[in-house]
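Peer 1: Line by line, the protein sequences give chains Y and Z. Using our numbering, the first residue of the first sequence is number 1, and each one after it goes up by one. Using our numbering, the first residue of the second sequence is number 1001, and each one after it goes up by one. Sending over a structure as structure tokens; questions will come in a sec.
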Amino acid sequence: MNFKKIALVFLVPVFVLLTLDRITPASSDAQTVPPPPPNQAVGEPELDKSAVSPKIEYRLYRLYELYRTKGLDAAREYAAARDIDLDGETVRVVAVASSAGIGQADPNGVATLGARIASLGGTVETTYQSLVQNRLPIGAIETIAHSPSVDYLRLPLKPQLQTVTSEGVEAVGAKPWQSLDAYRTSGDPANVVVLDAGFTGYASLLGTELPASVITKSFRADGNLSAHVHGAACAEIIHDLAPNANLTLVNFNTDVEHHNAVNWINAQTPKPDILSYSMGWFNSGDGKGTGPICEDVKKFSDNGGFWSASAGNYANNHWHGAYFDPGNNGYMDFDTSGYEWLYVYLPAYYSPTFWVNWDDWGTWNGSSYTPGSSQDYDVELFWSTGGAWSYLENSTSWQTGQPGQEPIEAVGGWYANVPAWWGIRVRRWSTTRNCKLEVFISGISSSTKPTPHDATGSLSSPADSPNAITQGAVDWSDMARGPHHTYSSIGPTEDGRIKPDFSSPSRVSTATYGTTDFSGTSAAAPHFAGILALMKEKTPYSLSQIVAILAGRAIDLGSAGKDNTYGNGFSNMAKK
Amino acid sequence: MKKFGGVFLLVVCLALGANAAVRIGIVPGFSLGGTLVAADSESTFDGGFSLGFGIGFDLMKYVSAEIRGTWANHAVPGSLNGLSQGKMTCLPVELMIVGRFPVGQKLFPYVFGGAGYAFNSFTVETALVDDWADFGFTLSESVKGAPSFSFGAGVDYAITPKFLIGFEGKMVICKTDGEWSLEDDTTGETISATLTGMSLNRFIVGLGLKYQF
């Protein structure tokens, strides 16, 4: 057996992050690649969709089923491979509380739901509006989902760190600015927040790579500020550019914690001026700048802050297109050749996850999409070493229009100990129209393209937010001519807006990651945040004026004017 | 300056027409630094050289009318919310009423008071302008003209029947507004503000030489 399910709790995104520039890319040019498998599969889906509750996300239901039918070890194995927080026999889930029948005392239904969770042996960790993040005994999943106090039960969303793996200070022309006397400002430093997964090692950098003191706050359920090293490198870059800036380091792990973190940030005095955000989310919004994460960006913007967001590193790991099934067999053809798989060839030990969403999000009302999705597609995951496709798993959440149901599926959490083809099929379960589908692949090299491939619109959320200033990545040494890093996600947004807004330096040096070892749009976002902080400190301009000035000074790359690859161009503070 | 010249000629014509005693004087001196007050902040401006020129004629035996312009140049050290470092010039052109109190034939103490209009200007330190120009910005600051009021006292000593030397002290009261702006040369993005209620009050002491006919 070539497959093993492995424990990868917390490691999948980290692995993506840390290896994209360090592991030889899975290039079909570099090795002998067998031809793609024929357009047929062996094996059958393991689960009858009719058994899946419409109120439970598929992966969570699958965990419950494994626990119920095969025991805790099987559930642990499944959870570990999918970054599901299973501790003992409790799993971290997010319950969307139902407000039906709830009175004034508990308008969101959160208290009622909390009491119900407690009665089943669960523990509420944190809440946000109608979302209740809690640890729930696995055995209680179906019970709580069927409670009238619950609209929908799902796993927490988790961000992708935008690192593929600073010269940027010189590249953007910041060095002379640092010694310029401030005009018409007191030179008070800007207040910059780094919102990230973690800040391992930040304490040892205080006074050298970071300011002598910083404010820290963890919104993780375990309070661990050092859950990841990524944020420390981002903070370093901001400090490199704006040495006087006040830094606040905030980390989180789930979407609910994210919401609470942003609320806390907005409540700080003095108000934060700038937020640097080198993270991205899949399956969390419609790509039109709405959704729970974009809503947080909007709240920060409404509070007067400027959010510098990474575009994402998924231009190569992306496809989108309309559902197309000329054979009418219920399986989508990804192109006109009649082939029904979207596939990628990977070296051994890669663990890809395929994130699929489609354009049936409904209308964002500020806290959720309504109505729930009613266009139901499912996704199946296969692998092959050259023969037929072998079935691995599927994702068959219901989309029947009920509250909380979203047009998303995800499959992954497997690895092969030999090079192999990995592919997905999209099955139409129940639809009334051909939706436009989008696929992101995480857990693979940022240079690896699936077949077919389409980079257009490969922005992760909240890079699509109109309230975010989105950063693409250009190697700092290529600032005058480009090109951009091919992995750097490009626009437009689903509603046709140009993104990214700027391109900022990548492949830079930090104490955290080493010499020229911090790449990706993760590095780009803090560069722009640092630029904003420095110009705010030195000039009397408002931040919106500074952004306009930077748009005019950007080194135009690619097509003339603002475009969906480079935005306004390479970020540049120098006189043009 | 045209206004000043016009008023000057008018006074001369009136004086000659009235066949009154006419007194022309020049008063070099030193203008003592004051406090610039703009909005809720203030800064100082340093003392500087001043030069006054006036012409007057007697209305009555001991009362005369005088038109006087007093140019003064001040260095401004600069402040966050006031004017930046630079040079400020003030030229109040005022109509004065002078009361003279002769002591004997040669000593003429006098007091005076009057009002007029101050022609003010400000030039930002070149280095500061150049610094921002290097970064692609045009920086400018200005002060506006404004009504001015003066009063003071002095004493003249007649060296000859026609020539007098004198010493006087004068307080100039002037409140004006100013502006600053910073413009990005690439985009034209401009930020500017008005510096309201800047006090240009200052005290001037000077030695005068006057000729009367």
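All C-beta atoms in this analysis are idealised placements derived from N, C-alpha and C, irrespective of residue type, glycine included. Everything numeric in this text was worked out from a predicted model, so none of it was measured.
Whether or not the stretch 220-232 of chain Y and the stretch 186-201 of chain Y are in contact is what I'm after, with contact meaning three or more pairs of Cβ atoms, one per stretch, closer than 8 Å; do they touch?
Peer 2: Touching, yes, given that three or more Cβ pairs across the two stretches are closer than 8 Å.
Peer 1: Anything in chain Z within Cβ reach of Y:Q545, meaning under 7 Å, just list it in chain order.
Peer 2: Residues of chain Z passing the Cβ test: E1189, I1191.
Peer 1: Rounded to whole angstroms, what's the CA-CA distance from Y:I274 to Y:A190? Just pull it up for me.
Peer 2: 8 Å
Peer 1: What number of angstroms, rounded off, separates the C-alpha of Y:W582 from the C-alpha of Y:L543?
Peer 2: This structure does not reach residue 582 of chain Y, given that chain Y is present from 1 up to 576, and the question cannot be answered.
Peer 1: Output the boundary residues of the alpha helix (DSSP H) element that contains Y:C294.
Peer 2: 292-302
Peer 1: Along the chain, where does the alpha helix (DSSP H) containing Y:G530 start, and where does it finish?
Peer 2: 521-538
Peer 1: Between the C-alpha atoms of Y:P159 and Y:N39, what's the straight-line distance to the nearest angstrom?
Peer 2: 34 Å
Peer 1: When you compare only the Cα positions, how much space is there between Z:Y1157 and Z:G1056?
Peer 2: Answer to the nearest angstrom: the Cα atoms are 17 Å apart.
Peer 1: Tell me the rounded alpha-carbon separation between Y:A115 and Y:A261.
Peer 2: 24 Å
Peer 1: Using a beta-carbon distance cut-off of less than 9 Å, what residues from the stretch 1130-1148 of chain Z approach chain Y?
Peer 2: D1131, W1132, A1133, D1134, F1135, G1136, F1137, L1139
Peer 1: How many angstroms separate the CA atom of Y:V356 from the CA atom of Y:T431?
Peer 2: So the alpha carbons of these two residues sit roughly 16 Å apart.
Peer 1: Y:F234 by DSSP, collapsed to three states: which one?
Peer 2: At residue 234 of chain Y the sequence reads Cys, which differs from the Phe that was named. Note: Y:C234 maps to helix in three-state DSSP.
Peer 1: If you follow the alpha helix (DSSP H) that Y:P326 is part of, which residue opens it and which one closes it?
Peer 2: It is not in any alpha helix (DSSP H) - Y:P326 carries neither H nor E in the DSSP assignment.
Peer 1: Where does Z:S1041 sit, in a helix, a strand or coil, going by DSSP?
Peer 2: Below a pLDDT of 50, predicted positions are generally treated as unreliable, and Z:S1041, at 46, falls in that range; the measurement from the model is reported next regardless. Three-state DSSP puts Z:S1041 in a strand.
Peer 1: Would you say Z:I1165 and Z:L1107 are within 9 Å of each other, going by their C-beta atoms?
Peer 2: no
Peer 1: Could you work out which residues of chain Z lie near Y:G552, taking near to mean beta carbons separated by less than 8 Å?
Peer 2: Chain Z residues near Y:G552: D1184, T1186, T1187, E1189.
Peer 1: Rounded to whole angstroms, what is the Cα-Cα separation between Y:R481 and Y:G472?
Peer 2: 15 Å
Peer 1: Between which two residues does the alpha helix (DSSP H) carrying Y:V214 extend?
Peer 2: From DSSP, Y:V214 is part of no alpha helix (DSSP H); its letter is neither H nor E.
Peer 1: Compare the C-beta of Z:W1071 with all C-beta atoms of chain Y and state if any pair is closer than 9 Å.
Peer 2: no
Peer 1: Quick one: list the residues of chain Z neighbouring Y:T493, beta-carbon separation under 7 Å, in chain order.
Peer 2: None at all; the shortest Cβ gap to chain Z is about 24 Å.
Peer 1: Could you work out which residue in Z:F1119, Z:E1141, Z:G1116 is closest to Z:E1125 when comparing CA atoms only?
Peer 2: Z:E1141
Peer 1: With DSSP as the reference, label Y:A7 as helix, strand or coil.
Peer 2: With a pLDDT of only 37 at Y:A7, under the threshold of 50, the placement of this residue in the model should not be trusted; the figure read from the coordinates follows. Three-state DSSP puts Y:A7 in coil, outside helix and strand.
Peer 1: Select from Y:G139, Y:L180, Y:V172, Y:V91 the residue whose C-alpha is nearest the C-alpha of Y:P156.
Peer 2: Y:V91
Peer 1: Taking a cut of 9 Å between CB atoms, which residues from the stretch 1064-1094 of chain Z lie near chain Y?
Peer 2: Within the stretch 1064-1094 of chain Z, the qualifying residues are L1080, N1081, S1084.
Peer 1: Once you ignore the five residues that flank Z:G1069 on each side, which residues in its own chain have a CB closer than 8 Å to its CB?
Peer 2: F1004, G1052, F1053, G1054, L1091, P1092, V1093, E1094
Peer 1: Is there a Cβ of chain Y sitting closer than 9 Å to that of Z:L1209, yes or no?
Peer 2: no
Peer 1: Where does Y:Q471 fall in DSSP's three states?
Peer 2: strand
Peer 1: Taking Y:G285 as the reference, which of Y:A468, Y:D73, Y:T363 has the closest Cα?
Peer 2: Y:T363
Peer 1: Using alpha carbons as the reference points, say which of Y:V439, Y:N244, Y:S384 lies closest to Y:V411.
Peer 2: Nearest option by C-alpha distance: Y:V439.
Peer 1: Using CA coordinates, which residue listed in Y:K70, Y:T486, Y:T370 is at the minimum distance from Y:Q405?
Peer 2: Y:T370 is the residue among Y:K70, Y:T486, Y:T370 whose C-alpha sits nearest the C-alpha of Y:Q405.
Peer 1: Answer with yes or no whether the minimum CB distance from Y:D181 to chain Z is below 9 Å.
Peer 2: True, the Cβ-Cβ gap to chain Z drops below 9 Å.
Peer 1: Can you give me the C-alpha to C-alpha distance between Z:T1176 and Z:L1195, rounded to a whole angstrom?
Peer 2: 9 Å
Peer 1: What in chain Z is Cβ-close to Y:K217, meaning under 9 Å?
Peer 2: Neighbours of Y:K217 on chain Z: none; closest Cβ ~32 Å, over 9 Å.
Peer 1: Closer than 8 Å by C-beta to Y:T143: which residues in its own chain qualify, once you throw out the five before and the five after it? Chain order, please.
Peer 2: L120
Peer 1: For Z:C1174 and Y:S213, I'd like the C-alpha separation in whole angstroms.
Peer 2: 48 Å
Peer 1: Indicate the three-state DSSP secondary structure (helix, strand or coil) for Y:A182 in the structure shown.
Peer 2: Coil.
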